[in-house]
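Notes follow once the structure below has been shown.
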Amino acid sequence: MGLLDGKRALVTGVANRWSIAYAIAKAFHEQGARLAFTYQGERVRDEVEKLAAECDGAAVIECDVSNDEHLAHLRDKLRTHWGGLDTLVHSIAYANKEDLAGKVYQTSRAGFALTLDISAFSLVGLVGSLVDVLSDGASIMALTYLGATEIVPNYNLMGIAKAALESEVRYLAYDLGERGIRVNAISAGPIKTASSRQVGGFSHILGVVPKVAPLKRNITVDDVANTAVYLASELSSAITADVHFVDSGFHAVGIPPLES
């Protein structure tokens, strides 16, 4: 018997088999959850459908989170398909490449608005659309990163968006708590994914973590997925409004050890 037997889980942001979102989806599937994936645009549809087939034919629903009509369509499809929803995973972020380099004060108004809309408001939009579909006691989780609270060179505008996302997690947890709905964030350490390659100097970050983090290693997508299973399960029934770091302890280090 799995930790998530019978739970209905919507996983957003599944783009390819190397994504954190797909690792979470696989772990959910292995623990007995029923799955639905969202995708944006025909460019990724075929790949997402292939991945869904590997999870016993998970439902696949098109959803552009910047489009209110798409959000309403998603709600209606989930209501028809399942009647309710027990778990929501938010793994969506986007910024123009030029806004991840240079100086923050060089960010354009349009670039700022786009990044905050897709990377942060999308959580509010999803929850607002799905609030009547979410079951009492449901679990919502969002993927974030250390750059929300600490300076990470070349993360820039995305760090600002992740800071907003983490704040939303706390306020949504407050708003939904009376229904027993938990809202948390997972702050994953650096992992080689298609998205992470857009961050300048990423290989340097990967090299620093094993030298500085207490566990002396980089993390894997499975480390993140296992945490997501915990947050989706009843094992975390009293855990909400928090950011859970899965980064080998890197976030807690103030001054790196002296080089020997």
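Just so you know, we're using numbering that gives the first Met the number 0 here: the sequence shown kicks off at 0 and counts up by one. Glycine is no exception: its CB is placed at the ideal position from the N, C-alpha and C atoms. No experiment lies behind these values; they were computed from the predicted model shown.
By the C-beta criterion, the segment 47-65 is judged to be in contact with the segment 4-14, since at least 3 inter-stretch pairs fall below 8 Å. If you check the CB distance, residue 179 and residue 136 come in under 8 Å.
Burial is judged here by how many other beta carbons sit within 10 angstroms of a residue's own beta carbon; residue 239 has at least 16 and is buried. Within the same chain, 215, 216, 217 come within 7 Å of residue 209 by CB-CB distance, once the 5 residues on both sides are set aside.
Excluding its 5 nearest sequence neighbours in each direction, residue 81 has C-beta neighbours in its own chain below 6 Å: 7, listed in chain order.
The three-state secondary structure of residue 3, taken from DSSP, is coil.
The segment 140-151 and the segment 182-189 touch, with three or more beta-carbon pairs separated by less than 8 Å. For residue 93, the CB contacts under 8 Å within the same chain, skipping 5 residues up- and downstream, are 113, 114, 117, 118 in chain order. Going by beta carbons, residue 89 and residue 50 fall outside the 8 Å limit. Burial check for residue 161: the Cβ neighbour count within 10 Å reaches 16 or more, so the residue is buried. For residue 11, no alpha helix (DSSP H) encloses it, and the DSSP letter there is neither H nor E. Taking 8 Å as the cut-off, the Cβ atoms of residue 189 and residue 201 count as close. Of the candidates 25, 100, 164, 129, the residue whose Cα lies closest to the Cα of residue 91 is 164. Here residue 18 is buried. Its C-beta has 16 or more other C-beta atoms within 10 Å.
Spanning the alpha carbons of residue 16 and residue 39 requires a straight line of approximately 16 Å. In this structure, 249 is the residue among 249, 63, 101 with its C-alpha nearest to the C-alpha of residue 211. DSSP lists 138 as the bridge partner or partners of residue 181. Leaving aside the five residues that flank residue 172 on each side, the residues in its chain whose CB is nearer than 6 Å to its CB run, in chain order, 182, 239, 240.
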